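A.B. asks: Got a structure for you, questions after.
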Amino acid sequence: MSLARVYIYLWPVPHGSWPVSVRLLALIPVAVAISLALSAAVDAVALPLFLDTTGTILATALAGPVVGIAVGVLTSAVNTLRNPTFWPFVVVQVIVALYAGLAARAGLFRSLKTAVPTGLGLGVIASLTSTPISYFVFGCTTTGGIALTTALGRALGLPPLGACFFGSFVSDFGDKAVTFALVAAVLHALPRRTAARFPLALRAIGAT
Amino acid sequence: MRILALEEVTFWYPATATPALESVSLEVGSGEVVALVGRGGAGASTLLLIAAGLAPRVTGGRLAGSVTRGARAGIVLPTPWTQLSGMAFTVWDEVAFGPANLGWPEHEITRHVDRALERLEITPLASRDPVTLSGGELQRVIVAGILAMDPDLVLLDEPTAELDPEGARAVWRLVRSLAGEGKAVILATSDVDALPGVADRIIWLDQGSVRALGEPSLLAEDAMCEAGLGTTVAGLWRAAGLGAPYPLTVVDAAQRWR
Amino acid sequence: MSALHPFSLLAIAAALPAFAWILPAPTGGLATAGLALMLPLVPDPRWGVRVVRLALLTAAPFWLFLRLLHDGPTTVAIGGRITTMVASFVWLVAVLSPDRLVEAMVARGWSLAVAYVFAATLSAVPVLKARARRIVEAQRCRGLSPRGSVANRLRALRALALPLVLSALHEVDERTLALETRGLGAGVPRTPLAAPPDRPAERVARWALLLLCLAALIWRLA
């Protein structure tokens with residue numbers, strides 16, 4: 001893929017861009033709420049996942065990266081109200097939205113076989129982004145789970161930055177794959193009549 | 209004065225081949241109450257969205273035929289909780305959301321909001337947070353939010369679904385008083401027993417087409433009773449094997465018995 | 467304190483953590499942390515004590531993990547900064563009422579779209595969280611258990627998440643129609659309802675705070 005094509009892929013589709021339609025405006029709060037509400041489901045099945053980028057990825061797949069970034073930034077903002085140390089990770093949400101935008105344009109949500117590897121790829125990128133933030137801003141003590149895996153990394157003899165990456169990677173890798181699979185499942189379960197009202201949805205599942 | 213005219217309107221939702229509404233023509237004047245009856249999916253909600261100017265502009269899809277609207281419309285949708293603006297933290301602000309969006313001066317907003325709260329009998333709720341309300345209270349707040357915008361064409365989709373019988377009667381009284389002020393009202397409801405006292409005209413929709421159109425006495429006709437859309441009294445009369453014409457209301461039935 | 471203009475509250479809550487990271491550690495971070503913990507105590511100490519306790523409880527685990535991963539001086543340096551951030555945000559959430567912020571944004575000519583998204587998010591999150599809890603409860607009654615293989619648990623997760631997300635997306639449609647009919651897309655400038663007053667002194671103070679931040683940054687980088 002040439003650089004020029006990457007640039008075009010990142011550019012929002014004409015009617016998915018600002019100024020937004022009321023529909024896309026109404027999508028943003030709902031997508032943020034989805035990201036935050038899913039933690040109840042994760043707790044219920046006791047899996048080491050966050051799913052806190054589900055809304056960002058879903059909104060991007062439906063309406064493009066600009067809407068996805070708005071969802072990501074707001075998700076971080078609301079998380080910040082609960083735990084202020086979430087704020088610097090807003091960068092990760094933005095990168096997730098940009099990556100999901102590329103994936104949607106390439107139709108990678110068309111099946112689980114394409115969605116899961118795409119999510120694994122995002123896991124690597126997301127942990128590469130969050131490592132420097134959690135290392136330099138917080139000394140790698142951000143959230144309980146990551147701090148624990150980081151301590152495990154140290155115990156295994158990794159240097160501090162390496163242990164920090166290990167901590168982020170372990171928690172991000174599976175999480176993003178499951179999130180991508182979930183978004184693909186949602187897009188396929190969505191009635192065509194509803195999907196057609198969002199600018200990017202049909203392209204994301206390879207239907208156009 | 210003519211407020212809405214549909215001429216041979218056919219409408220398709222996006223990505224569907226069968227139309228949700230087919231060759232529907234309709235004229236509504238000011239002071240008139242028109243009721244749409246039919247089974248679920250017959251096209252009543254779609255017709256209301258078209259009358260409101262929301263289909264196809266917001267829903268997407270394709271419309272054939274012509275729609276002429278001579279006045280501003282306001283629509284109340286069936287589920288109240290999805291209609292909260294999300295931008296208001298008191299009932300008063302919730303009702304003021306629409307008028308404020310229209311850019312009215314503040315004293316105009318206050319006047320219309322206070323009046324709408326009074327009409328729906330929810331003035332005591334004014335300072336409550338909308339998310340703490342019951343379904344019935346919420347339904348009234350939503351109706352008030354639309355009336356505060358002073359629309360000339362009021363569209364109601366199942367306005368009594370969340371209400372108890374007393375609340376429902378209050379809504380039907382409200383509909384008549386709106387008509388008395390010269391507003392046009394189109395409503396879709398499954399509460400057909402209330403219609404003889406409320407509607408001037410009945411439109412029977414069946415699979416997207418107008419099956420019959422006429423005075424409320426239509427609700428006592430054999431075909432409608434057979435489709436399960438007649439009034440309870442008419443249905444009972446028919447089921448008991450008493451001869452046609454069936455009485456429309458309890459009062460009619462009592463007169464026939466004498 | 468909550469009588470201050472919402473923008474002033476935001477400015478204070480943003481400036482304190484900024485100073486914490488800009489000023490030299492550990493004195494800078496500890497000083498800003500002290501200030502941030504004093505803030506809630508100013509108007510009403512009894513109310514303030516609860517806010518401070520919440521802030522300290524939120525910050526405590528960080529100190530613990532910092533101590534596990536780092537030496538003493540680093541722990542104090544980073545700990546002071548994190549405590550500042552936590553304390554000023556906990557204070558902000560306690561004093562800032564969302565409706566006043568929204569009205570302030572509209573009155574200041576912010577786009578209605580931004581104000582809407584901000585406010586609607588705050589009201590949508592608790593609603594959907596409550597629904598998620600109800601779905602989990604309902605599935606528990608039907609035998610959902612947090613045991614079994616990872617594959618089984620992933621399947622259970624799908625059964626919980628899919629209905630929640632689909633119902634929420636379905637509502638986007640109705641919300642859109644409702645917002646349109648109530649004039650959100652009308653494109654007319656919205657009338658602000660009861661905009662909070664913004665005293666000139668507060669404006670000057672906000673600008674001063676920003677300039678002070680910039681000055682500190684330049685001093686540190688130079």
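Residue numbers (this note's numbering), protein chains in the order written: chain C, 1 to 208; chain W, 209 to 466; chain Z, 467 to 688.
We put the CB at the ideal spot given by N, CA and C, even for glycine.
Being a predicted model, the structure only gives us computed values, none of them experimental.
I want to see whether chain Z comes within less than 8 Å of I232(C), judged by CB atoms only; does it?
C.D. replies: Residue 232(C) is absent from the model: chain C starts at 1 and stops at 208.
A.B. asks: Using a cut-off of 8 Å between C-beta atoms, extract the partners of V351(W) located in chain Z.
C.D. replies: Here residue 351(W) is taken as the residue at index 143 of the second sequence, counted from 1. Result: empty, since nearest Cβ-Cβ is about 12 Å, beyond 8 Å.
A.B. asks: Among V654(Z), D664(Z), A581(Z) and A617(Z), whose alpha-carbon lies nearest the alpha-carbon of W312(W)?
C.D. replies: In the second sequence, residue 312(W) corresponds to position 104, counting from 1. Among V654(Z), D664(Z), A581(Z) and A617(Z), the Cα nearest to that of W312(W) is on V654(Z).
A.B. asks: Would you kindly work out how many angstroms separate the C-alpha atoms of V266(W) and Y135(C), rounded to a whole number?
C.D. replies: For the purposes of this step, residue 266(W) is taken as residue 58 along the second sequence, with counting starting at 1. For the purposes of this step, residue 135(C) is taken as residue 135 along the first sequence, with counting starting at 1. Roughly 47 Å separates the two Cα atoms.
A.B. asks: Using three-state DSSP, classify W312(W) as helix, strand or coil.
C.D. replies: Here the question's residue 312(W) lines up with position 104 in the second sequence. Coil at W312(W), not helix or strand.
A.B. asks: Going residue by residue through the segment 342 to 413 of chain W, where are the continuous alpha helix (DSSP H) segments of at least 4 residues, counting only ones entirely within it?
C.D. replies: For the segment 342 to 413 of chain W, whole alpha helix (DSSP H) runs of length 4 or above, ordered along the chain, are 343 to 355 and 373 to 388.
A.B. asks: Restricting to Cα atoms, I'd like to know which of E215(W), A428(W), E370(W) and G343(W) is closest to R277(W).
C.D. replies: On the second sequence, residue 277(W) is found 69 positions in, with the first residue counted as 1. It is E215(W).
A.B. asks: Check whether the Cβ atoms of D414(W) and G246(W) lie closer than 8 Å to each other.
C.D. replies: Along the second sequence, read from residue 1 onward, the residue named residue 414(W) stands at position 206. Along the second sequence, read from residue 1 onward, the residue named residue 246(W) stands at position 38. Cβ atoms of D414(W) and G246(W): closer than 8 Å.
A.B. asks: L62(C) and A201(C) look like a contact to me (Cβ under 8 Å); what is the Cβ gap, rounded to whole Å?
C.D. replies: One-based indexing of the first sequence puts residue 62(C) at position 62. One-based indexing of the first sequence puts residue 201(C) at position 201. Sure, about 5 Å apart at Cβ, within 8 Å.
A.B. asks: Which class does I283(W) belong to by DSSP, given the choice of helix, strand or coil?
C.D. replies: Start at 1 with the first residue of the second sequence, and residue 283(W) comes out as number 75. Correct three-state label for I283(W): strand.
A.B. asks: For T540(Z) and F528(Z), I'd like the C-alpha separation in whole angstroms.
C.D. replies: What you label residue 540(Z) is simply residue 74 of the third sequence in a count that begins at 1. What you label residue 528(Z) is simply residue 62 of the third sequence in a count that begins at 1. Taking the straight line joining both Cα atoms gives about 12 Å.
A.B. asks: When burial is assigned at 16 or more other CB atoms within 10 Å of the CB, is A674(Z) buried or exposed?
C.D. replies: Residue 674(Z) sits at position 208 when you count from the first residue of the third sequence. A674(Z) comes out exposed.
A.B. asks: Quick one: what's W445(W) bridged to in DSSP?
C.D. replies: Against the second sequence, residue 445(W) aligns to sequence position 237. According to DSSP, W445(W) bridges with nothing at all.
A.B. asks: Thinking C-alpha only, which one of A671(Z), D664(Z), A681(Z) and A660(Z) is nearest D565(Z)?
C.D. replies: Start at 1 with the first residue of the third sequence, and residue 565(Z) comes out as number 99. Here the closest residue by C-alpha is A660(Z).
A.B. asks: For P84(C), would you say it is in contact with chain Z, using Cβ-to-Cβ distances shorter than 8 Å as the test?
C.D. replies: Within the first sequence, residue 84(C) is the residue found at index 84, counting from 1. It does; some Cβ of chain Z falls within 8 Å.
A.B. asks: In the segment 19 to 45 of chain C, which residue ranges form an unbroken alpha helix (DSSP H) of at least 4 residues, counting only runs that do not cross its ends?
C.D. replies: Whole alpha helix (DSSP H) segments, 4+ residues: 22 to 45.
A.B. asks: Going by alpha carbons, who is nearest to A604(Z) out of V124(C), A184(C), R23(C) and A44(C)?
C.D. replies: For the purposes of this step, residue 604(Z) is taken as the residue at position 138 of the third sequence. Of the candidates V124(C), A184(C), R23(C) and A44(C), the one whose C-alpha sits nearest the C-alpha of A604(Z) is A44(C).
A.B. asks: Helix, strand or coil, according to DSSP, for I133(C) in the structure here?
C.D. replies: Residue mapping note: residue 133(C) aligns to position 133 of the first sequence, counting from 1. Looking at I133(C) - three-state DSSP - the assignment turns out to be helix.
A.B. asks: So, are the CB atoms of L212(W) and V236(W) less than 8 Å apart?
C.D. replies: Start at 1 with the first residue of the second sequence, and residue 212(W) comes out as number 4. Start at 1 with the first residue of the second sequence, and residue 236(W) comes out as number 28. Contact flag set, yes.
A.B. asks: Just the chain W side, please: which residues come within less than 7 Å of S589(Z) by C-beta, in chain order?
C.D. replies: The residue you call residue 589(Z) lines up with position 123 of the third sequence. Correct list: G294 and V339.
A.B. asks: Can you tell me whether DSSP reads W557(Z) as helix, strand or coil?
C.D. replies: Working through the third sequence from its first residue, we reach residue 557(Z) at position 91. Correct three-state label for W557(Z): helix.
A.B. asks: Under 8 Å Cβ-Cβ, which residues of chain C neighbour D537(Z)?
C.D. replies: Start at 1 with the first residue of the third sequence, and residue 537(Z) comes out as number 71. Per Cβ cutoff of 8 Å: no residues; D537(Z) is ~11 Å from chain C at best.
A.B. asks: So G107(C) packs on R197(C), CB below 8 Å; how close in whole Å?
C.D. replies: By 1-based counting over the first sequence, the position of residue 107(C) is 107. By 1-based counting over the first sequence, the position of residue 197(C) is 197. About 19 Å; that fails the 8 Å criterion.
A.B. asks: Could you name the residues of the segment 221 to 233 of chain W whose beta carbon sits closer than 9 Å to any beta carbon of chain C, in the order they occur along the chain?
C.D. replies: Against chain C - using a Cβ distance shorter than 9 Å - the residues of the segment 221 to 233 of chain W are Y221, P222, A223 and T224.
A.B. asks: Please state the DSSP three-state secondary structure of W220(W).
C.D. replies: Position 12 of the second sequence, counted from the first residue, corresponds to residue 220(W). DSSP places W220(W) in strand when its eight states are reduced to three.
A.B. asks: Closer than 8 Å, CB to CB, is G651(Z) near chain C or not?
C.D. replies: Stepping through the third sequence from its first residue, residue 651(Z) is reached at position 185. Cβ-Cβ to chain C under 8 Å: yes for G651(Z).
A.B. asks: Mind checking D301(W): buried by the 16 CB within 10 Å criterion, or exposed?
C.D. replies: For the purposes of this step, residue 301(W) is identified with residue 93 of the second sequence, where counting begins at 1. Per the 10 Å Cβ criterion, buried.
A.B. asks: Is the beta carbon of A233(C) sitting closer than 8 Å to the one on V591(Z)?
C.D. replies: An answer regarding residue 233(C) cannot be provided, because it is not within the stretch 1 to 208 covered by chain C.
A.B. asks: Which value, in whole angstroms, describes the spacing of the CA atoms of D399(W) and T129(C)?
C.D. replies: Stepping through the second sequence from its first residue, residue 399(W) is reached at position 191. Stepping through the first sequence from its first residue, residue 129(C) is reached at position 129. Their backbone Cα atoms lie some 58 Å apart in a straight line.
A.B. asks: Excluding sequence positions up to five away, which residues of its chain have a Cβ less than 8 Å from the Cβ of H471(Z)?
C.D. replies: The residue given as residue 471(Z) occupies position 5 in the third sequence. Around H471(Z): A570, P662, P663, D664, R665 and E668.
A.B. asks: Within 8 Å (strictly less), CB to CB, does R192(C) reach chain W?
C.D. replies: Locating residue 192(C) in the first sequence gives position 192, where the first residue counts as 1. Closer than 8 Å: yes.
A.B. asks: With H, G and I counted as helix, E and B as strand and the rest as coil, what does DSSP make of A525(Z)?
C.D. replies: The residue you call residue 525(Z) lines up with position 59 of the third sequence. DSSP places A525(Z) in helix when its eight states are reduced to three.
A.B. asks: L310(W) versus chain Z: which residues are under 7 Å apart at the beta carbon?
C.D. replies: Looking up residue 310(W) in the second sequence gives position 102. The contacting residues are G649, A652 and V654.
A.B. asks: If L677(Z) sits next to I488(Z), beta carbons under 8 Å apart, how far is it from one beta carbon to the other, in whole angstroms?
C.D. replies: Mapped onto the third sequence, residue 677(Z) falls at position 211. Mapped onto the third sequence, residue 488(Z) falls at position 22. Not quite, the Cβ-Cβ distance comes to about 13 Å (not below 8 Å), so this is no contact.
A.B. asks: Is R203(C) close to chain W, meaning its C-beta is less than 8 Å from at least one C-beta of that chain?
C.D. replies: On the first sequence, residue 203(C) is found 203 positions in, with the first residue counted as 1. Answer no: the Cβ-Cβ gap between R203(C) and chain W never drops below 8 Å.
A.B. asks: Consult DSSP for G206(C) and reduce its assignment to one of helix, strand or coil.
C.D. replies: Within the first sequence, numbered from 1, the residue matching residue 206(C) stands at position 206. Looking at G206(C) - three-state DSSP - the assignment turns out to be coil, as it is neither helix nor strand.
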